[in-house]
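S.K.: According to mature numbering (1 follows the signal peptide of the UniProt record, and there is no 0), the residues represented by the sequence shown are -27 to -1, 1 to 505, in order. Following this message is one structure expressed as structure tokens.
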Amino acid sequence: MTRMSSVFAKVSCVLASSLFISSYAQSKDYFISCYYSDSDVSLSSKNPELMVQKYGPSLNYYWAKDSKSNYSKYTKLSGKIVDGFFVEESLTYNDVVEKCNFAIESGSILWPAKESYTLLDFKASVSDLAGFEYPIQFEKGNENQSKIKQIVLFGDSLSDTGNLKRWTKVMPYFPFWFGRFSDGLIWVDYLSRRSEIPILNFSYGGAKTDGKNEYYASTIPDVLKGMARNLVTGNSKDYINTYLSKYLTTDSYNTTNKTLAKPDETLFIIWIGANDYIEKFENKNLTKPFLDDPEHPGGINHAYKVTIKNIIEQIKLIYEKGGKHFLVLNLPDLGKSPIVLTSEYKKYSDDNKNKAELSQRLSELTKRHNDLLQASIAELQKSLTQKADVTLLDINEDFSDLLNDKSILDKSDFDYGFKKMNSKYLIPGSNSNYVQDFCYVGGYFNAIFTKTNEEANQFMLNNSCTLADDSLNQFSLFYNSPHPTSYAHCWLSYSIEKALHNKGLISSNLGSLSSLKSYCQGQINSNGKNFR
């Protein structure tokens, strides 16, 4: 196989090109694409060029090899695709990690290896030309005996591991980490690595619960902007329908099924809804009426009810196809986030008054959303006729504990190791907690105008927050507005892992908060060098 250009990017999820799934999936031979990053953080780091997306395969992968020899064969998988996952029958998780490392360490003639390259992710794929690749579920060597063997995820930028970047090619651009809306790995990566459970990810930055725009649009450009955004980012309803109509199979798409093949082993995670509100704060023509005319179809009282209704209806769609296990996350408090700092809310001439009022109203919106979500899930659980469990994770409470240095286990004092970036605006009702500022101010694609790796890396440094010793602050809560840093994502992953462990869905060695702190700091300090 040679690295040829193609009009189809390697994607694990699907938008308009879903019709091509079956033709690739029916191929006899599957191999392993091993994605890598550069752990070098100097100006000579190759990450800027590795993160460039073109109309063809990504640049940052090698094919797994049976050994380090230059003449070694590519590692062939043995199995079939079931409901969007490649079920591998011979190799173990550790086998694939080893064979990926063989490939990354030896490189190829056209794409030489670099000592600082490190494994980022791996997928099952047919060839360089294949438009689709699949998470790998391993039948052998799974010692943790988790009840859940695979996860299907629907979300937005908080969970996007590169889907929007593969679709748009530029958004988000370097230094956003290989398409993630963060400076490194996100909770999806951490959870999959720690649990060794594959995740089929349908999360796209900017995605909402539905594609409709029921808000004030005072100008034609506002209308066009909303339509364009929905076309590019999509919504969870469409992605769920795509999965249920295109991905259900037990024989690599020789035939398709109407229900899930392995409902007892499949977990559906849904974390969506923030963009239903955030878009209202990106335009001053929308922000004030959204808050000040709450009963209007585009007002706050209508918006959160529609959002929750959409989420519940989408859970029902999956349930009707056999889904049994669901984890739904609520929203972290938007009123304590950098959204307060970046929103177009100028009701008063006094800036402090504007920020205080917006913070309070965003917190109220978050509470309404979360309260109604909790009540609606409880009502849904009672109405389900077949056995199923819908678990709500209060990520808002856990994120508040991170902000307040309180243990997410017992509320005792705990130092998570964050280097907080307090803005000058106190959170309403608090004498010591401030709305959090964010670290990176370079925008989502401004670095596209740099020409070399050194220029791009310097651009990143010039637009990032630093500590007293002029080193990068990788331990703030927020990387940009409103996205957490990789370090914060590591803790969010722990919250999700804990919820699944307590529910009996995964077998996990959680360990103490102190041990998790060492793990998270080790991941950040090694710049991804430690795959586990």
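Where a beta carbon is used, it is the ideal one built from N, C-alpha and C, also for glycine.
Can you list, in chain order, the stretches of the beta strand (DSSP E) that have 3 or more residues and sit fully within the segment 325 to 378?
M.R.: Qualifying beta strand (DSSP E) stretches, in chain order: 362 to 366.
S.K.: Taking a contact to mean a Cβ-Cβ separation below 7 Å, would you say Pro455 touches Pro311 in this structure?
M.R.: Taking 7 Å as the Cβ cut-off, Pro455 and Pro311 qualify as a contacting pair.
S.K.: DSSP on Asn500, reduced to helix/strand/coil?
M.R.: DSSP places Asn500 in coil when its eight states are reduced to three.
S.K.: Answer yes or no: do Leu486 and His474 have a C-beta to C-beta separation smaller than 7 Å?
M.R.: Contact flag unset, no.
S.K.: Since Val279 is in the beta strand (DSSP E), which residue starts that stretch and which ends it?
M.R.: From DSSP, Val279 is part of no beta strand (DSSP E) but of the alpha helix (DSSP H) over 273 to 293.
S.K.: Quick one: what does DSSP say Thr232 is sitting in, helix, strand or coil?
M.R.: Correct three-state label for Thr232: coil.
S.K.: With a threshold of 8 Å on Cβ separation, who are the neighbours of Pro267 within its own chain once the five nearest residues in sequence on each side are excluded?
M.R.: Ile273, Asn274, His275.
S.K.: In terms of alpha-carbon separation, which member of Asp324, Lys490, Ser79 lies closest to Ser45?
M.R.: Taking only the C-alpha atoms, the option nearest Ser45 is Ser79.
S.K.: Between Ser499 and Leu164, is the Cβ-Cβ spacing less than 7 Å?
M.R.: Taking 7 Å as the Cβ cut-off, Ser499 and Leu164 do not qualify as a contacting pair.
S.K.: Out of Ile245, Ala234, Leu240, Leu233, which one is the CA nearest neighbour of Asp211?
M.R.: If we check each option's Cα against that of Asp211, Ile245 comes out closest.
S.K.: Rounded to whole angstroms, what is the Cα-Cα separation between Leu314 and Leu353?
M.R.: So the alpha carbons of these two residues sit roughly 36 Å apart.
S.K.: Mind checking who His298 pairs with in its DSSP beta bridge?
M.R.: The partner list for His298 (beta bridge, DSSP) reads Leu240, Asp362.
S.K.: The alpha helix (DSSP H) spanning Asp68 covers which residue range?
M.R.: Asp68 -> alpha helix (DSSP H) spans 66 to 79.
S.K.: Quick one: grab the DSSP three-state call for Ile421.
M.R.: Helix.
S.K.: For Val161, which of helix, strand or coil comes out of DSSP?
M.R.: In the structure shown, Val161 sits in a helix (DSSP, three-state: H, G or I).
S.K.: Between which residues of its own chain and Ser332 is the CB-CB distance below 8 Å, once the five residues before and five after are set aside?
M.R.: Excluding sequence neighbours, Ser332 sits near Gly308, Lys309, Val313, Tyr398, Ile400, Pro401, Val408.
S.K.: Cutting at 8 Å between CB atoms, please list the residues of its own chain near Thr239, excluding the five before and the five after it.
M.R.: For Thr239, where only same-chain residues beyond five positions count, the Cβ hits under 8 Å are Asp56, Ile121, Lys122, Gln123, Ile124, Val125, Leu233, Gly296, Lys297, His298.
S.K.: Evaluate Ile82 with the Cβ neighbour count: other Cβ atoms within 10 Å of its Cβ, from every protein chain shown; 16 or more gives buried, anything less gives exposed.
M.R.: Under this definition Ile82 is an exposed residue.
S.K.: Please return the same chain residues whose Cβ sits closer than 7 Å to the Cβ of Ser437, not counting the five positions on each side in sequence.
M.R.: Contacts found: Cys412, Tyr413, Leu445.
S.K.: Under 8 Å by Cβ, that's how I've got Thr206 and Asp249 pegged, so tell me the actual separation to the nearest angstrom.
M.R.: Rounded, the Cβ-Cβ distance is 12 Å, inconsistent with contact.
S.K.: Could you pull out every residue in the same chain whose Cβ sits closer than 7 Å to the Cβ of Gln347, ignoring the five residues on either side in sequence?
M.R.: Same-chain partners within the cutoff: Leu365.
S.K.: Going by DSSP, what residue range makes up the beta strand (DSSP E) through Val55?
M.R.: Segment 52 to 55, the beta strand (DSSP E) holding Val55.
S.K.: Taking the C-alpha atoms as reference points, what is the distance between Ser491 and Cys463?
M.R.: Looking at the two C-alpha atoms, the distance is approximately 11 Å.
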